[in-house]
Amino acid sequence: VEQSYVMIKPDGVQRGLVGEIITRFEKKGFVLKGLKLFQCPQELAEEHYKDLKSKSFFPKLIEYITSGPVVCMAWEGVGVVLAARKLIGSTNPLQAEPGTIRGDLAVQTGRNVIHGSDSPDNGQREIGLWFNEVELCQWIPAQRPWLYE
Ligand code: GTP
Ligand code: MG
Numbered sequence: 093v094e095q096s097y098v099m100i101k102p103d104g105v106q107r108g109l110v111g112e113i114i115t116r117f118e119k120k121g122f123v124l125k126g127l128k129l130f131q132c133p134q135e136l137a138e139e140h141y142k143d144l145k146s147k148s149f150f151p152k153l154i155e156y157i158t159s160g161p162v163v164c165m166a167w168e169g170v171g172v173v174l175a176a177r178k179l180i181g182s183t184n185p186l187q188a189e190p191g192t193i194r195g196d197l198a199v200q201t202g203r204n205v206i207h208g209s210d211s212p213d214n215g216q217r218e219i220g221l222w223f224n225e226v227e228l229c230q231w232i233p234a235q236r237p238w239l240y241e
């Protein structure tokens, strides 16, 4: 089944948005396979965002992501990668639709509260990067027959 790496960034933690954000994914019907509060080291932030290394904002991005604890999550479900991106909204929160996490809860691109994997392959890559095997739980949620026909 498809998995997405979703991360509440330090601004989301500092602003007390953790519960609200987790609730949106739970209510949608995705399954939580991993969850932790974590102070991200510099090297991991750089590895996670390595595709953006050449961007002028890269140093600021790394400073932002390592500026306080993040909440790391692995979410599973049919179509979760694209659905999570839709729940999250556009990169620039001022362009994100109302009803999305960024559209409702953020203002600036450099403080956009949350990350979501942009492809199923990157979902696997990022979950492998941020979690140890033992931190991921295999379990069958009781609501499954009521979510999938
Ligand atoms: P993520 O889910 O975090 O990967 O965001 P995204 O996929 O919507 O955007 P992208 O991967 O292109 O950029 C990753 C992150 O870099 C963004 O979420 C922002 O936090 C940051 N970022 C992107 N563009 C800018 C920019 O122009 N200025 C600043 N300060 N940060 C940026
Ligand atoms: Mg991205």
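First residue of the sequence shown: 93, per the UniProt record's numbering; consecutive thereafter. Ideal Cβ placement from N, Cα and C applies to all residues, glycine included.
As a quick exercise: from the options, pick the residue whose alpha carbon is nearest that of residue i.
| i | options | result |
| --- | --- | --- |
| residue 293 | ILE206, GLN134, GLU227 | Since the first residue of the chain shown is 93 and the last is 241, residue 293 is not available in this structure. |
| VAL123 | LEU186, GLY171, PRO233, ILE219 | PRO233 |
| TRP167 | VAL110, ILE219, VAL226, ASP196 | ILE219 |
| GLY121 | ARG217, ILE193, VAL172 | VAL172 |
| PHE223 | LYS145, GLU112, GLY111, LYS128 | LYS128 |
Let me check you understand the geometry: is the CB of residue i closer than 8 angstroms to at least one non-hydrogen atom of the ligand MG?
| i | result |
| --- | --- |
| ASP213 | no |
| ASP210 | yes |
Heavy atom of the ligand GTP less than 8 angstroms from the Cβ of residue i, yes or no?
| i | result |
| --- | --- |
| TYR156 | yes |
| PHE149 | yes |
| ILE206 | yes |
| ILE180 | yes |
| GLU202 | Here residue 202 is Gly; the residue named in the question, Glu, does not match the sequence. For the ligand GTP, at least one heavy atom lies less than 8 angstroms from the Cβ of GLY202. |
| THR183 | yes |
For residue i and residue j, which I take to be in contact (beta-carbon distance under 8 angstroms), what is that distance rounded to the nearest angstrom?
| i | j | result |
| --- | --- | --- |
| GLY181 | ALA188 | 3 angstroms |
| VAL162 | VAL205 | Wrong, their Cβ atoms sit about 11 angstroms apart, outside the cutoff. |
| SER96 | GLY191 | Between GLY191 and SER96 the Cβ distance is about 19 angstroms, and since that is not below 8 angstroms, they are no contact. |
| LEU186 | VAL199 | 7 angstroms |
Does DSSP put residue i in a helix, in a strand, or in coil?
| i | result |
| --- | --- |
| PRO212 | helix |
| VAL163 | strand |
| PRO233 | coil |
Mind pulling the alpha helix (DSSP H) runs of 4 or more residues that sit fully within the UniProt domain "Nucleoside diphosphate kinase-like" (93 to 230)? 102 to 106, 110 to 120, 134 to 140, 150 to 157, 172 to 180, 193 to 197, 212 to 222
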